[in-house]
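**Q** Before I ask anything, here is the structure I am working with.
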Amino acid sequence: MRYGQHPERFFVSLLFALALGILAGLAFLPELQGWPGSLWFMVLLGSLLLTALAVWRQPALAWPCFVLLFFLLGAGRLQQAVSLHADDISRFAGSTVSVAGRLTGEMQAVQDTTGFRVSYPLAVTGVRHGRGKWEQASGGVVLYGHTATREEAEARIGDLVQSAGELRLIHGYQNPGQIDTALLRREEGITANVFAGKNKIVVKAEEAAPLLRLAAGVRQHYREAMQQVMPPQDAAAIFALLFGGYDGLDPELVESFTITGLIHILSVSGSHISLVAAAIAGICLLLRLPMACSAVLVTAAIAFYPLLAGFVPPVVRAAVMGGLTFLALALGRERDSRHILLLTGMAMLLYSPLLLFHISFELSFLATAGLLYLAPVFHRWLRARRVPAAISLGLSITLAAQLATLPVLAWYFQRVSIVALLANLVVTPLLDVLILLGLLSGFVALLLPTAGGMLFGGCSLLLGLASEMTRWLAALPFSVAVVPAFPFWAVLLFYLLLFLPALPAEWRGQLAAFLRRESLAAGLFLLGLGTFLAIGHCMASRELTVHFIDAGQGDAALVMTPSGKAVLFDAGGRRTGNFDIGERVTLPYLRHYGVRRLEAVFLTHAHEDHAQGCGAILQSLPVGMVYTAGEGREVYARSMRLGDNDSVLGKLKPVTSGQSFEVDGLTIEVLHAPQAAEEGDKRGNEASNVYRLRYGDASFLITGDLTAEGEAGLLACGADVRATVLKVAHHGSRTSTSEAFLQAAHPAYGVICAGRDNSFGHPHAEVVARLQQHEVKILRTDRDGAVVFATDGRRLRISTYREQSLTARLEQAVLYQQAGPVS
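The sequence shown: position 180 = 179 (numbering that gives the first Met the number 0), numbered continuously.
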């Protein structure tokens, strides 16, 4: 049979068919959600019988029949994956419940000023609504709470944990390019969060999960042994290198690892598995052990590493993918290693279709594919040019992994390291030695604590050297390039051109012969495609876009002119802990759309939820000027968490009412700018500036947190507040958006920037009702995610993140199961 003669081509086609089926299942999820299981069974059974018949009677049709079968399997498996049990805990979302469950992972405890903030991943066993009876429930939750001491919150894997709190569906920032935390949790089987606050958390000790408890005990041994001989941040960094995670890491170290392309080392991946396997194989070779014995020892090491890391899904995937691939390569079966990668990818997607949208799987699979398909090509090319073997091998491996994962890195991180090749040649060997020495030190410390402590001390010295080298590389000019997200067609074209040299000579010959034979058709197709893309680009290039970013309970709006100039109105901010909204939400959004410079930033006022994020942006991007309200530079410095003498504060300049700015055909009018506060006068939301943006017939009104009194004053001055789009003031608070102001503005659209499930009750029902009475179409970042308006000055197009979001479709699936179809 033809597919038997070309197994690799056959496996590639099946993997693509499976992935396309999963994508199709996502695209038509609302329609497929109504299909009964019996119908799916009949469809798949019919496809299977058709495939079997083709294999038996028409071998030439067997291949396309297999492709169809795997396409349908992908769509069917996605539908099954998003279906929840009838008693899933998520059905209580939005209510206060008592929850009981078994701890499935390590509890986390972070000290704050009043005690410890704790979290527990639980497999739910029961739920009680109000004062009713306990009911059986399924699914997974993360329970968040607060305790006075760590001891009263202590729990081990397998223990039963019970508490009461508000249950919410998992929700992250809904912006393109943002890592989807809700999706990550859903793939792990967790469908909701429970916020217990200071409600009592009851822990009942159980004897369960001995292997996981053993792994947790080993990790705790490593952590304690390191903390005894080295600074806490060094211990946290080495622990992360060994077992993954970012708890307690120095932010500067994380940033330097990101810039140099080494950030993946802080997450246990296939490289860790391969490193351990290579070390064990080297020892076996040194001891001249038989091949069979070496294979057993290497396999045991590969299996043991996930146990140490707690069997978290990314590590298990890395062990399966990296371990099988390493063994195939070690046995000299390079082609078999490719087959193993393809079969493993198919098996993982069949088991969990949501992995297709999981960054960990995407990076692991693509990096491994790059090593298997591209690295040998690069290595041969470099060796043909007399590059030393050691250097060419390191360069080819690094280049292959970087190029294979480039579109994913551009989508999620918007930055690609220029110094990654140098960092991998210079720093990675040190980190490899550090990982191996760290693992060895922990085992030695079990038997000889003093000797283990000395080895861990050496690890700390190695980390210091590697850290300094990494920081030096990160500080080099042009060490990192900002890469905007690739459009879908560009991703396909990129991978087509990238993997073309890695195709077998037979495939390349067949492709060349086809292009020669069909040169006219191919030329016309390329000409038509180029014309279509050029027309689309020209049409888009005449449009102004206004992006209302989902910054949680904060405001941030990006305006991009037809020529690509960017202006920012407010920058978001104010989230507890070390999470900087500007650095983690607003700045990545700007980079996602290729913003390398801001012509100006206009801040409505100095409150942290509007101005705090500007600090990170000023330190990361060139900014022309920052126009502010009149609270004073010191107030803005505190809000942005900058020193009073920071040089970037020189860009701040207050505006006055009546000022106007022109940027590439966009007119920005300052309608309202209260004068600087007098001494002793406490300024708040009433200090908000109001800006109106005009582009042709389209206009946008940015109101900050303007109160009803401020709105009245603005109208009393005779200001023209008419607007096509109104950014509703103060996140939809009842203290703003008065009846008179709405009548004067007469907007067609109202955008409310508010955080999901915020504690303020924004937007208030009165404001929503008032907007509806005026027939204003309401868009909300808490529900719709990022909202984008595109206009050529006459027509207006609207798109929202929710329209394309997988998480939104999953939430819709949950609602469908609870109450039938929803609109």
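Even for Gly, the Cβ is constructed at its ideal location relative to N, Cα and C.
With H, G and I counted as helix, E and B as strand and the rest as coil, what does DSSP make of TYR626?
**A** In the sequence shown, residue 626 corresponds to position 627, counting from 1. The three-state secondary structure of TYR626, taken from DSSP, is strand.
**Q** Hey, would you say ALA743 sits closer than 8 Å to SER735, going by beta carbons?
**A** As a position in the sequence shown, residue 743 is number 744, starting the count at 1. As a position in the sequence shown, residue 735 is number 736, starting the count at 1. In this structure, SER735 does not lie closer than 8 Å to ALA743 by Cβ.
**Q** Provide the residue span of the beta strand (DSSP E) that contains ASN192, from first to last.
**A** Numbered from 1 along the sequence shown, position 193 holds the residue referred to as residue 192. Note, ASN192: beta strand (DSSP E), 189-196.
**Q** What are the start and end residues of the alpha helix (DSSP H) that includes PRO448?
**A** To locate residue 448, count along the sequence shown from 1; it is residue 449. 448-473 is the span of the alpha helix (DSSP H), which, as asked, contains PRO448.
**Q** From which residue to which residue does the beta strand (DSSP E) around ARG167 run?
**A** Mapped onto the sequence shown, residue 167 falls at position 168. That run of the beta strand (DSSP E) goes 159-168.
**Q** Report, in whole angstroms, the separation of the C-beta atoms of GLY829 and THR124, which I expect to be a contact under 8 Å.
**A** Lying before the first or after the last residue shown, residue 829 is absent from the chain, which here runs from 0 to 822.
**Q** Nearest CA to the CA of GLY114: which residue from TYR221, GLU151 and ALA753?
**A** One-based indexing of the sequence shown puts residue 114 at position 115. Selected option, being the one with the closest Cα: GLU151.
**Q** Return the CA-CA distance between LEU567 and ASP756, expressed in angstroms with no decimal places.
**A** Position 568 of the sequence shown, counted from the first residue, corresponds to residue 567. Position 757 of the sequence shown, counted from the first residue, corresponds to residue 756. The alpha-carbon atoms of LEU567 and ASP756 are separated by roughly 26 Å.
**Q** Would you give the residue range spanned by the alpha helix (DSSP H) that GLN219 belongs to?
**A** The residue you call residue 219 lines up with position 220 of the sequence shown. Here the alpha helix (DSSP H) through GLN219 covers 209-226.
**Q** For the beta strand (DSSP E) that contains GLN107, what are its first and last residues?
**A** As a working note, residue 107 is residue 108 in the sequence shown. Element bounds for GLN107: 107-111.
**Q** Report the rounded CA-to-CA distance for ALA739 versus ALA711, giving the unit in angstroms.
**A** Reading the sequence shown from its first residue, position 740 is the one you call residue 739. Reading the sequence shown from its first residue, position 712 is the one you call residue 711. Straight across, the Cα-Cα distance linking ALA739 with ALA711 is about 8 Å.
**Q** If we count the other Cβ atoms within 10 Å of its Cβ and call it buried at 16 or more, is TYR245 buried or exposed?
**A** As a position in the sequence shown, residue 245 is number 246, starting the count at 1. Per the 10 Å Cβ criterion, exposed.
**Q** Would you mind giving the Cβ-Cβ distance between ASP829 and SER162, rounded to the nearest angstrom? I have them listed as a contact below 8 Å.
**A** In the structure as shown, the chain starts at 0 and stops at 822, and residue 829 therefore has no counterpart that could be examined.
**Q** Using beta-carbon positions only, say whether ARG212 and GLY157 come within less than 8 Å of one another.
**A** As a first step, residue 212 is located in the sequence shown; it is residue number 213 there, counting from the start. As a first step, residue 157 is located in the sequence shown; it is residue number 158 there, counting from the start. Yes, they are a contact pair.
**Q** Roughly how many whole angstroms lie between the Cα atoms of GLY139 and VAL558?
**A** The count along the sequence shown starts at 1 and reaches residue 139 at position 140. The count along the sequence shown starts at 1 and reaches residue 558 at position 559. Their backbone Cα atoms lie some 40 Å apart in a straight line.
**Q** Just to confirm the assignment, what range does the alpha helix (DSSP H) spanning LEU403 have?
**A** Translated into the one-based positions of the sequence shown, residue 403 becomes position 404. In the sequence as presented, Leu is not what sits at residue 403; that position holds Ala. Note, ALA403: alpha helix (DSSP H), 388-403.
**Q** Kindly list the residues whose CB is nearer than 6 Å to the CB of LEU306, restricted to its own chain and excluding five residues on each side of it in sequence; keep chain order.
**A** The residue given as residue 306 occupies position 307 in the sequence shown. Taken in chain order, the residues that qualify are ALA214.
**Q** Output needed for LEU354: all residues of its chain with C-beta closer than 7 Å, excluding positions within five of it in sequence on either side, in chain order.
**A** One-based indexing of the sequence shown puts residue 354 at position 355. Cβ within range, chain order: GLU186, MET347, LEU348 and PHE360.
**Q** Mapping the DSSP letters down to three states, classify TYR690 as helix, strand or coil.
**A** Locating residue 690 in the sequence shown gives position 691, where the first residue counts as 1. The answer is strand: DSSP assigns TYR690 an E or B state.
**Q** Could you give the DSSP three-state label for GLY139: helix, strand or coil?
**A** The residue labelled residue 139 in the question sits at position 140 within the sequence shown. GLY139: strand per DSSP, three-state reduction.
**Q** Which term fits CYS716, buried or exposed, when burial requires 16 or more other beta carbons within 10 angstroms of its beta carbon?
**A** Taking the sequence shown and counting its residues from 1, one reaches residue 716 at position 717. Exposed: under 16 other Cβ atoms inside 10 Å.
**Q** Indicate whether ASN192 and ILE169 have their beta-carbon atoms separated by less than 8 Å.
**A** Residue numbering aside, residue 192 sits at position 193 when the sequence shown is read from its first letter. Residue numbering aside, residue 169 sits at position 170 when the sequence shown is read from its first letter. A contact, by the Cβ cut-off of 8 Å.
**Q** Only counting the same chain, and skipping five residues up and downstream in sequence, which positions put a Cβ closer than 7 Å to that of ILE279?
**A** The residue labelled residue 279 in the question sits at position 280 within the sequence shown. Correct list, in chain order: LEU296, VAL297 and ALA300.
**Q** What is the residue span of the alpha helix (DSSP H) that ARG637 lies within?
**A** Within the sequence shown, residue 637 is the residue found at index 638, counting from 1. Its alpha helix (DSSP H) spans residues 632-638.
**Q** Is the stretch 405-414 touching the stretch 435-443 in the sense that three or more CB pairs, one from each, lie closer than 8 Å?
**A** no
**Q** Quick check on this structure: which residue in GLY572, PHE498, GLN135 and LEU510 has the alpha carbon closest to the alpha carbon of ALA374?
**A** Position 375 of the sequence shown, counted from the start, is the residue given in the question as residue 374. Checking every option, the nearest Cα to that of ALA374 belongs to PHE498.
**Q** Between ASP111 and ARG149, what straight-line distance do the alpha-carbon atoms span, to the nearest angstrom?
**A** Stepping through the sequence shown from its first residue, residue 111 is reached at position 112. Stepping through the sequence shown from its first residue, residue 149 is reached at position 150. Rounded to the nearest angstrom, the two C-alpha atoms are 11 Å apart.
**Q** Between the Cα of LEU371 and the Cα atoms of LEU71, LEU405 and ASP335, which residue gives the shortest distance?
**A** The count along the sequence shown starts at 1 and reaches residue 371 at position 372. Minimum Cα distance to LEU371 is reached at ASP335.
**Q** What is the DSSP secondary structure of VAL813, reduced to helix, strand or coil?
**A** As a working note, residue 813 is residue 814 in the sequence shown. Its pLDDT being 47, under 50, VAL813 is placed unreliably by the model, and nothing is read from it.
**Q** I need the DSSP call for VAL81, collapsed to helix, strand or coil.
**A** Working through the sequence shown from its first residue, we reach residue 81 at position 82. Reduced to three states, the DSSP call for VAL81 is helix.
**Q** Exposed or buried, SER518, counting other C-beta atoms within 10 Å across all chains shown (16 or more means buried)?
**A** Residue numbering aside, residue 518 sits at position 519 when the sequence shown is read from its first letter. By the C-beta density criterion, SER518 is exposed, having fewer than 16 other C-beta atoms within 10 angstroms.
**Q** Can at least three beta-carbon pairs, one atom from the stretch 473-489 and one from the stretch 376-393, be found at a separation below 8 Å?
**A** No, they do not touch.
**Q** Who are the Cβ neighbours of PRO6 in its own chain at under 7 Å, not counting the five residues just before and after it?
**A** Counting from 1 along the sequence shown, the entry for residue 6 is found at position 7. Excluding residues within five positions, the ones whose Cβ falls inside 7 Å are HIS338.
**Q** Any idea what DSSP makes of VAL720, helix, strand or coil?
**A** Reading the sequence shown from its first residue, position 721 is the one you call residue 720. Coil.
**Q** Taking Cβ positions, are VAL600 and VAL622 nearer each other than 8 Å?
**A** Here residue 600 is taken as the residue at index 601 of the sequence shown, counted from 1. Here residue 622 is taken as the residue at index 623 of the sequence shown, counted from 1. Contact: yes.
**Q** Helix, strand or coil for ARG127 per DSSP?
**A** Locating residue 127 in the sequence shown gives position 128, where the first residue counts as 1. Correct three-state label for ARG127: strand.
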